[in-house]
Amino acid sequence: MRVYFDNNATTIVDPKVRDAMIPFFCEYYGNPNSLHQFGSETHPALRVAMDQLYAGINASDEDDIIITSCATESNNWVLKSIYETHIKNGEKNHIITSAVEHPSVIAVCKYLESLGVEVSFLPVNSDGVIEIDALKDAIHDKTALVSIMWANNETGMIFPIKEISDICKEHNVLFHTDGVQAIGKIPVDVQDVGVDFMSFSAHKFHGPKGVGALFVKKGLELIPLLHGGDQMGGKRSGTLNVPGIVGMGEAMEIAVKELTCEGNLVRKLRDKLEDAILKTPDTFSVGDREHRVPNTVLVSVKGVEGESMLWDLNRAGIAASTGSACASEDLESNPVMEAIGAEADLAHTALRFSLSRFSTEEEVDYVILHFKKAVERLRAISSSYAYTPKNHKSGL
Ligand SMILES: Cc1ncc(COP(=O)(O)O)c(C=O)c1O
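Its first residue numbered 2, the sequence shown is counted upward by one per residue in the numbering used here.
Dropping the structure here:
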């Protein structure tokens, strides 16, 4: 059996999404910017896809959704553009983010720091979420931008995004959120929350890889990311990825439609898995379930390296993760575990399971079985784990 429980890294393309994309490879393959019919016959599908994206996040017609190649690009673009317009050529010099952002935010912030920008990396509590008071304390009159994720990729914890947005408004500070792990898992309404910029990526919600987007609230301007043929209103030139955009639109529409019903099923499966894991002595999960996206659980298995667990599970055909996919080739401890204050030995034991609407109960049962086997095998040979009855409790 093969079980894919690494859906926060990427997801299977929904067959309905694939079917929607196929005509745009060999049938309607024209360049949308060409004047002939090969170009123009792509337009109706592009319009439908853009409508699906606007509807999916409840953007208004006057807002912009600009297609990018991935969320890493969207995150880079916002941060570097605000640097150009508000910091390098303006009066501000401060950006606030959190210590648990995806590397595509953290690394850009560190780069901007090297250019002289003051960056506040807000710490998180033991649930892996920032404290609102810390944000209030950090904001000052030189703050140009707050960039805080909607939901965390490792823990699945949902951030108090509406409160953050309100504080930004009070202080007249722009607010960007990395919405990658929220879309398709919880309702995302950019108008209700009042975000200024939001990044997202199709391959995280059963769309294709290589296509993402940046929501930009009406009236806000970014410097063009790519100069060239003036596609995307001159903001991001480059021939449009027609199959990708069609696929992202379709994936968004399905994700939103399936949200409540499939979300509840995914939650049930995740809870079953988590409950079974926590019955194993000395295992912990991070963050309160009610404030987590329904598909994710980050566990820590005392005395067992996350990588060893990963390889045992992999031998049984099970895919999980010890950190975000981009960072998973180095054997450092999970940075989010470190940020929540886990001791170094626990931070090395992190293991993330992320399910999807394609996950089944049979798969969960199979993972529970092999999880228990792997823990038993690895603890038996672990020099750092000695089981005593008083270890026998779960919960963080
Ligand atoms: C929270 C978050 N932001 C950004 C990204 C980067 O997305 P992409 O692969 O589209 O560049 C990821 C991918 O893991 C993510 O989880």
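Glycine residues also receive a C-beta, built at the ideal position from the N, C-alpha and C atoms.
Ligand 1 approaches residue 150 closely enough that one of its heavy atoms is under 7 Å from the residue's Cβ.
Within the stretch 67–132, the complete beta strand (DSSP E) runs of at least 3 residues fall at 95–99 and 119–123. Inter-residue distance for residue 111 and residue 103 is about 12 Å (C-alpha atoms, whole angstroms).
Residues of the same chain with a CB within less than 6 Å of the CB of residue 172, apart from the 5 flanking positions on each side, are 140 in chain order. Following the DSSP letters along the chain, one finds residue 371 in no beta strand (DSSP E) but inside the alpha helix (DSSP H) bounded by residues 362–381. At the C-beta level, residue 223 and residue 101 stay beyond 8 Å of one another.
Annotation: the continuous beta strand (DSSP E) that includes residue 286 extends over 284–286.
In summary, residue 41 is exposed, with fewer than 16 beta-carbon neighbours lying within 10 Å of its beta-carbon over all protein chains present. Listed in chain order, the alpha helix (DSSP H) runs fully inside the stretch 186–242 are 191–194, counting runs of at least 4 residues. Contact between residue 221 and residue 238 does not hold, since their C-beta atoms are separated by about 19 Å, which reaches or exceeds 8 Å. Secondary structure note for residue 26: its alpha helix (DSSP H) is the uninterrupted segment 24–27. Taken through DSSP and simplified to helix, strand or coil, residue 310 comes out as helix. Looking at the backbone, the Cα of residue 268 and that of residue 351 are separated by about 20 Å. Look at the beta carbons and you see the stretch 2–16 touching the stretch 306–321: at least three pairs across the two are nearer than 8 Å. DSSP, read as helix, strand or coil, puts residue 61 in coil.
Secondary structure of residue 276 (DSSP, three-state): helix. Given a length threshold of 4 residues, each whole run of the alpha helix (DSSP H) inside the stretch 337–364 is given here in chain order: 345–348.
The beta-carbon separation of residue 376 and residue 305, rounded to 6 Å, stays under the 8 Å limit for a contact. With a threshold of 16 other beta carbon atoms within 10 Å, residue 251 meets it and is buried. Cβ-Cβ separation between residue 184 and residue 68: approximately 15 Å, too far for a contact (criterion under 8 Å). Counting along the chain, the unbroken beta strand (DSSP E) around residue 179 starts and ends at 175–179.
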